[in-house]
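Beneath this line is the structure, given in structure tokens, with notes to follow.
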Ligand SMILES: [Zn+2]
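Residue numbers (my numbering): 2 to 384.
Here you go:
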């Protein structure tokens, strides 16, 4: 934010001068010299195939569980229902821990290993914590997770299964972040909040490369994301922009942001044509993964929407649960409520004629349905 530059091997969490988030800069001309679209064909089946675009110096530091390269799947019956024949879903819940967060964790934990860190702490509403715990286990790094007491039990058990220490905090999601920050200041453990971590968002970029490569470098017209802290949408935007600058694709798709009506600070800022997001009150929603009142990458999300001609919409819990059931019954795909918020948002964007029938659309499904069975039970037991 202030323009200060640091080494990529610095252990900073945020900017020393202004406290702002840090972004990784690349020498795109160097990437141009060492990689091209054709050279990717012979590479391995993980997101590390986009090696030049990831900020790890030495291959020996890479901590990988085989993340990325998730399928882009056409869902015939569900697509017909929404009258969107060219709809595909990016099945990111097929990542190793059942959530898209593995894209970020593989890069951020590889960076911890490169810096010889032996312990780390993080705050998370569930998926990011479970993901970090898995990669820390593989890297032999001690991991402590602060999570809301309301976090689905499955996610907490998952993090503990990987050997992480899990501390639940009563109160809001912000209270959890504050507890983690206090622990960081008092214990000296390295704080790797995925919401601000510059390396985590670099991993998120790879979703853009994969969509572009899968579609033979002709990107869709629209990509729809559920948005909490904003790392995924902001990361995808960075990824598409890099490909445009390299000349690998002609343009970025229009990127759309979906939030829960119970917690929609980015939607409000978008409607007010603001440059920055103002923190909102924390409402209750089945989409716990996007219940973020003060998104760290809120202004980056707004910028991404504005630059790509995207839009921000809010959805109700009833709509989220309806789409969760529909997708499962019509096409056999069981995604968690946060992912299904993006589907409910897709329906709204279609109704608003922001997305037209003949256009190509991708929706990102971020987490697996079994990550939160208590919410899913609401649907099956009432039907
Ligand atoms: Zn700064």
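Here a beta-carbon is modelled for each residue, glycine too, at the ideal position from N, C-alpha and C.
All values derive from a computational prediction rather than experimental measurement.
Query	Result
Closer than 8 angstroms: residue 18 CB and nearest ligand 3 heavy atom	Looking for ligand 3 in the displayed structure turns up nothing; the ligands present are ligand 1.
CB-CB length for residue 1 against residue 328, believed under 8 angstroms	For the chain, the structure presents residues 2 to 384; residue 1 sits outside this window and is missing.
CA-to-CA distance, residue 189 to residue 323, given in whole angstroms	45 angstroms
Exposed unless 16 or more other CB atoms sit within 10 angstroms - verdict on residue 29	exposed
Residue burial classification, residue 7 (beta-carbon count within 10 angstroms, cutoff 16)	exposed
The segment 245-263 touching the segment 303-315, judged by at least three CB pairs closer than 8 angstroms	yes
Residue 146, enclosing beta strand (DSSP E) - first and last residue	143-149
Contiguous alpha helix (DSSP H) assignments of at least 4 residues, all confined to the segment 119-186	128-140 and 154-162
Residue 118 beta carbon near ligand 1 (any heavy atom closer than 8 angstroms)	no
Reduced DSSP secondary structure (H/G/I, E/B, other) of residue 258	strand
Presumed contact (8 angstroms Cβ cut-off) between residue 259 and residue 232, rounded CB distance	Not really, about 15 angstroms apart at Cβ, beyond 8 angstroms.
First and last residue of the uninterrupted alpha helix (DSSP H) at residue 217	Element bounds for residue 217: n/a, residue is neither H nor E.
Counted within 10 angstroms of its Cβ, other Cβ atoms place residue 372 as buried (16 or more) or exposed	buried
Candidates 249, 136, 23 and 40, of which the one nearest residue 62 by Cα	136
Option nearest residue 379 by Cα separation, candidates 129, 47 and 337	337
Distance CB(residue 173)-CB(residue 294) smaller than 9 angstroms	yes
At least 3 beta-carbon pairs within less than 8 angstroms: the segment 109-116 vs the segment 89-100	no
Residue closest to residue 262, alpha-carbon to alpha-carbon, out of 234, 291, 237 and 278	291
Rounded C-alpha distance that separates residue 73 from residue 215	7 angstroms
Contact test: residue 2 Cβ vs ligand 1 heavy atom, cutoff 8 angstroms	yes
Near ligand 1: residue 143 beta-carbon under 8 angstroms from a heavy atom	no
Buried versus exposed, by CB contacts within 10 Å (16 or more), residue 46	exposed
Residue-chain proximity (residue 112, chain B), Cβ-Cβ < 9 angstroms	Looking for chain B here will not work: only one protein chain is present.
Of the residues 102, 227 and 88, the one placed nearest residue 351, counting alpha carbons only	88
Any non-hydrogen atom of ligand 1 closer than 8 angstroms to residue 21 Cβ	yes
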